[in-house]
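Visitor:
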Amino acid sequence: MSGSEQLTALLQNNSVAIVSMALWIFGILWMMPGRKVTPSRGVIPGLVLTLTGVAGLLLSFNAVYADVSEEVMFWAFSIIALVCATLMITARNPVYAALFFALATLSTCGLFMLQNAPFLAAATVIVYAGAVIVTFLFVIMLAQQSGAAGYDQTAGRAAPTVLASFVLLGTVSVLVSMAPPEISTVPPVDDSLRLAGAATAGEDAAGTAPGGGASMRIAPVDELLAQEAAAAAAAEANKPEPVVNLLSRATVSHPVGSMKGLGRSLFGDYLFAVELAGTILLIACIGAIAIAPRREEGAL
Amino acid sequence: MSETISSMLPPDLLLLLLILIPGAPLVSAIVTAVFGPKLLRCRSHLPCWSALAVSFICSLLVLLALPTAADPNALDVIPPAASSAPDESGEPVAGDGQAADQQELPAIAAVDIQSSSRSTAASPELIVVGPTWLELGQMSVGFDLRVDSISAIMLAMVTGVSLLVALFGSGYMHGDGGYPRFFAAVSGFVFSMCMLVMANNFVLLFFFWEMVGLCSYLLIGFWFHKPSAAAASRKAFVVNRIGDFGLIMAIFLILTRFGSVSFSDVLGNPGMIADLAAADETLLPLICFCLFLGAMGKSAQFPLQVWLPDAMEGPTPVSALIHAATMVTAGIYLVARCTPLFMFAPDVQVLVSATGAITSLIAALIALTQTDLKRVLAYSTVSQLGFMFMALGCGAAGAEVTTPAVTAGMFHLFTHAYFKALLFLAAGSVMHAMGDVIDMRYFSGLRKALPITHWTFLVGAAALAGVPLLAGFWSKDEILAVLGTASSTGNYQSIFRIIRIVATVTALLTAFYTFRAYFMTFWGEERFPVEAGHHPHEATPIMAWPLRILAVCAALIGLAVGPTHQFQTYLQRTVGLKPYEAHFHLDVMVMSAVIAIAGITLAWSFYVVSPAVPARIAGMLAPFYLLSQKKFFLDEILYGIVVAPLKIFGRICVFFDRAVIDCLIDSLATVPASVSGLLKNFQGGVVTSYAGVMWFGAVAAVVVALSLF
Amino acid sequence: MEVSPMLDAADGLVRIPAEDLRTLVVGAALFAIGAIGFLTRRNLILLILCGELMLHGVSLSLVTFGKLQNNNEGQAFTIFLLTIAACEAGLALALVLALYRSARSLDVRLWTELREADVALAPIDAPAAVAASSYGEIPKLTPAGAEPAELPRRNKPRK
Amino acid sequence: MPAFDQLNQAAGLIIPEIILIATVCIMFLTAPFLVTETGQASPGLRHRWGILTLLSIGCAVYAWIKSPLTDGAVGPFEIDALAWYVRGVTLSTGALLALLLWDQTEDSIAAEVFACLLAVLAGVNLVSVANDLIGVFLGLELVSIPTYLLLYLGRDDWQSREVTIKYFLLSIFSSALVLFGLAWVYGLAGSTNLAAITQTAALTGAANGHQMLTVALVLILCGISFRLTAVPFHFYAPDVFQGTTPSAAAMLSFIPKVVGVVALLQIFPACYGSLQPGDWIPTSALRWLLAVMSIITMTVGNMMALRQKSVLRLLAWSSISHGGYMLVGLAVSGGAAPGASASTGLAAVLFYLPVYGIMSIGIFAALSSAGTKLRPLRALEDLHGLSQIRPAQALAMTVCLFGMGGLPPTGGFFGKLNLFFAAWKENTELSRTLAVILAVNAVIAATYYLRIIGLMYFEQSTVSTEKESGQIAPIAALNSESA
């Protein structure tokens, strides 16, 4: 196929996604402040365009979760996250922007829940909504007591930037929707490794649990045994011993995202990383103190 | 006597001598250059004196020891420690004797002294294999030194004359601001000249050939604030470059055809030369022509002689040093050294002779009418160099004439060095006394005021004129004799007949103009220029003694070595020369004596007896007089046919450069400016626009990478 | 129950199910939107918030991949991401405050003293001129007896 | 318990970094108690902190020498030859930087400054020893976060704040790019462990895998190019160099480049299934990208440097162009041509890095010690006649500038020569083009370096003579240059 034919095919196969992204672009551009301070054009048309665009983009994947409630939650969280993100970057009032950011963060946390990450969802809400946003709001209030500032009413180079960003987004979405990438899953744990792991974990005798699909449920034992047999056969096919972060593997008792599993991972495989992150936090704290203006002697 | 000396000189010591000869002046040059201006000041002559004295003594020892030192027959008188070194292989062997030597002289690694495998009693030679200096392909150039007969003679002459000149110079230059500079340059000059004659390969020779040119440039332009001196030094340098071009071409040709630049390999290999000459009959003439071109430049032969008279702008000791005794002899040395090559190019040899004849005649004619004493001497130098070339070219008459021809040329070079140095120094003494006035029209009758100068100048002039029994007489006889031989044998008889006539006429003219200068300066009524002050003073002792010594040399050196043919016998043993039986040519002697005396008489009658005659003759032959006085308009002709077209060409080049190249380059140079002028707009300081460009770059990179994937 | 597709593949390669692809695209979209905001807005705090939004996109991708890969590494990565983001937010706040103290403004375009020497400054709007037009005038009591002036439609305060 | 054994063993692999980080913690935690509320400190406090810093680096060097090589380890850390080399380079240049910072900092903030330097060094080392994407990421952040502090703490004025906010914003932006790429790499490979990624990539041919991998790697490359100051990710450099202190600029000219190169060499070969960085053969798309980026970087850097009037800005642009030279080595690292050693380009880059570092630190050291607090050297005019006022500094700077310009016989010459030959010997059209452009750029660059030397030696001075400060640094730099 020649280049132009390829391009035509690409456009035809992804017409829905492309059209919806175009709508979204127009929505953003509608709401985005201009180069000069101009009155707002009203958010409703932009909001409609954005909603349509986001929905179209998600619809173009043509897939649903097995569970209806999950599907509904996905739609709700995705649309809220993306629309709030759009509103956040186009808001002319930084306070609103921060609040939209909080909303987008909350929705993202909802998506985390959907992806088996309840702990992360909670942690993000606590860190962002509880700490970051509030602090930022304080700063905004402190800085902008006198109301609207000119620099919040203008934005530079909106059109090219939006186009470039959507080229990237379009590339990603077209690439993955046309030919979903094949990911290399970590091979099942073979006997020796599992024994080592079992000795470590004691109660993890049941081996690995498949975390595929929307499964947070534990698979029936006989099915697991069958799977193990298949895995052993695969392992015998002269493959080198796989390198894995053993403690990060999901097990039956510690499925992906559970507090225990995540804890084993963090304080097992990533023990040093945790220490390192702690050091970075220390540096950042002391750094923030050092950056903050020194107060006068005796003053609070 | 030589046996005793060589037995006193073990090879270690001999090596030390060989290294000291150029080494002492080098050290002196460096010391004087570094410490002279601040520390030594008016004592700057001391390093130079001592170095040149050391050098001279070493040269004398080497000269005397050479015939036996490397003689295989004499090996048994050399201590056994060294007898391992001169072996048959010709390769450097580090014997026991050398170990101690290397400790003494750590600077020169792997030095070995040996007699060449080809060395016979006939051609003794000492070769020092120095450290390799340049490796290019199969060519390897080292600091290899070689002393054989011709080098030894040259060394003795160069160091001896230089020593006397340095002594004289300390008196002459006393009080000059550049006193240390003078002695540094003189030391450097002597070092270069010694290395030039000691070099054992063409590249090293060329290197020091250029060093000599550089030092002469520094010395001619010694008073660089004088525009004429600066111009003269530049002229000398540029004209010499033309000759150097020839030399370097010759070296390339030799390298490509012979595969080596070593004298031992090239010159010491007559069989190979013959083979190459047979294989390609234009090769050797071409090489020889190129070599001769180099010699023409350095030895001021027509038409490249123009630089030498102008070079008189340097201090007079410098004239004596460079332009009479040493530097200009480099060309003669080169041609003589390359005799084995020239033997296979008789046409070029004839050219050498013819060039010499033309040069000597023209120079003599010009010298007739010059009124500047130093210029007369300068033209006489050119003329005498022409004589030497005349002799060197006589080898064209046949192989058996070659050696007499070369020895005759070298002999004249040898004697000429002494009397010409003497004449220049005497002229310097006159100049010193006359307050730097050297034009003979402004003074006369100095014989009473400057008795020593007068007597020494008279001896030198007589020697130059060829008065019997003085130095010039013997060597000029040799040349006339060898010219006679050439005009009666071989293929080029008719040409050599003409050359012989020219030589005879030139000899007459030489006698005439020399004594014209002598009579004009020292006879007649006593007149001094105003610059001399009320009373001209005779030379100080430090200037007078070199004059006396040189006068003795000029008077006796010919007598010492001429009748006994010792010089010829010694020189014959150079590599490439064939021994021959030297004998007297009484007829020639008588003739040349008559000519000399005739010339002197003529001068006496013109300038002492009836001083009005020359003016009348000049009036009668006005055009010719003018021609001579204006140096045959050679400078003007050269300017017209060479310099002016080149200048026009240069103008065109400049125009092209300005209008085309500069425009191109300028427009090219605006590219970065305009490009960066565009790029600077991205650098406006706004951080989000920086991030924007980063983002565009990243997205573009993704798209490009995917489309290339 | 649906059998995990991962066990079907003999070579250890499986396709990502389409429903999870959507989540990945949502992550990428958050990333892209954050970038847009980062590049166009001028408020320092907004810039930093947009940076955080980009990191949200990354986190979402990581978490999704963690589920697909059936290990905790993705979530662990996200936690580190969160930590670093918190560090940067803390530093950013200190920095923004320090900047605000000297510039009395959060406009990023004020910080352009360092640039190529002969480039013209980016225009900076006078904030005072804006305050009136952007959110509309703050309602005031009209003088007694006069009709209240009708506000233009466009200048209505945005909810 | 192999898993925990692995962890226990892993602690032994990073003793130098543990030493550094422990010192950092000690300094950060005790420093605030030695300074009064208004920021007054006992005079000479910086000497104590400086000595502690040097001591810590010395211990780290000792531990580094004793450290084992663990090729092919699967744990969180792996010390291969690259890591060993990078550690040496970092620690030695770190000592130089500490000396340079010594007299450039005030007593009250000395602890923070030195601790930041140590943290940065530890970050670079951790990137090189990490065997995990998370380790690499944290290492990168451990480099950037203290860098913000260093930039801010250097001075207390408008410019330093501007510098910090610019660097900060662009840095988090580039970090986001890297992170997005890393997320996809993790997603496609299934693990954050580099050994596991290598294995998976080797098994499944990840180099020819999904196109998203290319997108991810390109984004990582773009994000890391920010550290390498590759055009168009270079924008912070001129502004930051101009606005910050010479010592911070010296750090910034060198450390991010090291960490960038190392991070690339950690991530990319793994994604192509190569155990050793030297075996890495990038796809043609990536090679083209690297090559184009290096061409643009070299050219733009040099062209912009030509028009500079501020010496710090000029050095920034020269630093950018040096980043371009390094990219040449990376672009040709995967020889791919038969007969060519794949690691030639890498070796050339790794040789060039410390050479460039020493030259760059030397120049900034000379600049900072030749200037004074009252009258820092900023514009090129300030350099006029420096050779008369500060001959030692001028000489040191001349030597370093000769090196930067690639004039023989300096290390810079051999570095450039290595890069040139690495590119030339690969014998493809692309690499030869790169080599030629490298040579042309080296010539262009030489003009402005020589112009600086000319200003220092042949112009009349306008600088008043004041008491010299900080003689130690340039001399140290000079010594290491000649060594």
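Quick mapping for you: the protein sequence lines, in order, are chains V, Z, F and W. Quick note on numbering: numbering that gives the first Met the number 0 labels position 47 of the first sequence as 46, and the sequence is numbered without any gaps. Quick note on numbering: numbering that gives the first Met the number 0 labels position 573 of the second sequence as 572, and the sequence is numbered without any gaps. Quick note on numbering: numbering that gives the first Met the number 0 labels position 157 of the third sequence as 156, and the sequence is numbered without any gaps. Quick note on numbering: numbering that gives the first Met the number 0 labels position 459 of the fourth sequence as 458, and the sequence is numbered without any gaps. Even for Gly, the Cβ is constructed at its ideal location relative to N, Cα and C. Since this is a predicted model, take the numbers as computed values, not measurements.
1. Does DSSP put Z/D435 in a helix, in a strand, or in coil?
2. Name the DSSP beta bridge partners of F/I106, please?
3. Between Z/G187 and Z/A28, how many whole angstroms is the CB-CB distance? I'm expecting something under 8 Å.
4. Rounded C-beta distance between W/P237 and W/W316? I'm assuming under 8 Å.
5. With 9 Å as the limit, tell me which residues of the segment 661-682 of chain Z have their beta carbon closer than that to any beta carbon of chain W; keep them in chain order.
6. Taking CB distances under 9 Å as the criterion, tell me whether Z/V701 reaches chain W.
7. At a CB-CB cut-off below 7 Å, which residues of chain Z make contact with W/T99?
8. Does DSSP classify Z/W132 as helix, strand or coil?
9. Specify the secondary structure class of W/T244 as computed by DSSP and reduced to three states.
10. Roughly how many angstroms separate the alpha carbons of Z/R547 and Z/S161, rounded to a whole number?
11. Assign V/G210 to one of two classes, buried (16 or more other C-beta atoms within 10 Å of its C-beta) or exposed (fewer than that).
12. Looking at chain V, which residues of the segment 43-59 of chain F have a Cβ within less than 8 Å of any of its Cβ atoms?
13. Counting contacts by CB-CB distance shorter than 9 Å, is F/V118 in contact with chain V?
14. Whole angstroms is fine: what's the gap from W/L220's alpha carbon to Z/A690's?
15. Could you work out which residues of chain Z lie near V/A163, taking near to mean beta carbons separated by less than 7 Å?
16. At which residues does the alpha helix (DSSP H) containing Z/R499 begin and terminate?
17. DSSP three-state call for W/F76: helix, strand or coil?
18. Inspect the CB distances between the segment 270-285 of chain Z and the segment 150-166 of chain Z and report whether three or more fall short of 8 Å.
19. Return the residue from the list V/A287, V/L98, V/P179, V/L81 that minimises the CA-CA distance to F/A31.
20. Comparing the C-beta of Z/Q449 with each C-beta of chain W, is any distance below 9 Å?
21. With a cut-off of 8 Å, do at least 3 Cβ pairs link the segment 13-21 of chain V to the segment 166-175 of chain V?
22. Looking at the strands, I want to know which residues DSSP matches up with Z/R526.
23. Buried or exposed: which applies to V/A298, given that a residue is buried once 16 or more other Cβ atoms fall within 10 Å of its Cβ?
24. Looking only at DSSP bridge pairs, what is V/E274 linked to?
25. Starting from Z/R145, trace the beta strand (DSSP E) both ways and give me its first and last residue.
26. Can you list the residues of chain V that F/R108 reaches, using a CB-CB cut of under 9 Å?
27. Per the contact definition of three or more C-beta pairs closer than 8 Å, is the segment 351-367 of chain Z in contact with the segment 506-517 of chain Z?
28. State yes or no: is the C-beta of W/G328 within less than 9 Å of the C-beta of W/V348?
29. Counting C-beta neighbours from all protein chains within 10 Å, is the total for Z/I18 16 or more, i.e. buried, or is it exposed?
30. Along the segment 23-45 of chain F, where does the CB come closer than 8 Å to a CB of chain Z? Name the residues.
31. Suppose you measure from the CA of V/T160 to the CA of Z/V692; what does that come to, to the nearest Å?
32. Applying the 10 Å Cβ sphere with the 16-neighbour rule, what's the burial state of W/M325?
33. For Z/G684, go through chain V and note every residue whose CB falls closer than 8 Å to its CB, in chain order.
34. Could you pull out every residue in the same chain whose Cβ sits closer than 6 Å to the Cβ of W/Y447, ignoring the five residues on either side in sequence?
35. Looking at C-beta atoms only, is the number of pairs between the segment 143-151 of chain W and the segment 111-130 of chain W that lie closer than 8 Å three or more?
36. Beta-carbon within less than 6 Å of Z/R440's beta-carbon, same chain only, minus the 5 sequence neighbours each way: which residues are those?
Guide: Result, derived from the coordinates:
1. coil
2. The question names Ile, but residue 106 of chain F is Asp in the sequence shown. F/D106 is bridged to F/N42.
3. 4 Å
4. 6 Å
5. V670, P671, A672, V674, S675, G676, L678, K679, F681, Q682
6. yes
7. According to the sequence provided, residue 99 of chain W is Leu. The question's Thr does not apply to it. Per Cβ cutoff of 7 Å: no residues; W/L99 is ~27 Å from chain Z at best.
8. Here Z/W132 carries a strand assignment [DSSP, helix/strand/coil].
9. coil
10. 15 Å
11. With a pLDDT of only 39 at V/G210, under the threshold of 50, the placement of this residue in the model should not be trusted; the figure read from the coordinates follows. So V/G210 ends up on the buried side.
12. I44, L45, I47, L48, C49, E51, L52, H55, S58, L59
13. No, because no Cβ of chain V sits closer than 9 Å to the Cβ of F/V118.
14. 16 Å
15. Within 7 Å Cβ-Cβ: W694, F695, V698.
16. 492-521
17. strand
18. Output reads no: the segment 150-166 of chain Z does not touch the segment 270-285 of chain Z.
19. Its Cα nearest to that of F/A31, the residue V/L81 stands out among V/A287, V/L98, V/P179, V/L81.
20. Per the sequence presented here, residue 449 of chain Z reads as Leu, with Gln not at that position. No, Z/L449 does not count as interfacial toward chain W.
21. yes
22. Z/S443
23. In this prediction, V/A298 scores a pLDDT of 45, lower than 50, which makes its location untrustworthy; no coordinate-derived value is stated.
24. The partner list for V/E274 (beta bridge, DSSP) is empty, contrary to what the question assumes.
25. 144-147 is the span of the beta strand (DSSP E), which, as asked, contains Z/R145.
26. Y150, G155
27. Touching, yes, given that three or more Cβ pairs across the two stretches are closer than 8 Å.
28. yes
29. buried
30. A34, F37, L38, T39, R40, R41
31. 9 Å
32. With 16 or more other Cβ atoms within 10 Å, it is buried.
33. Simply none; closest approach about 13 Å.
34. A304, L305
35. yes
36. T370
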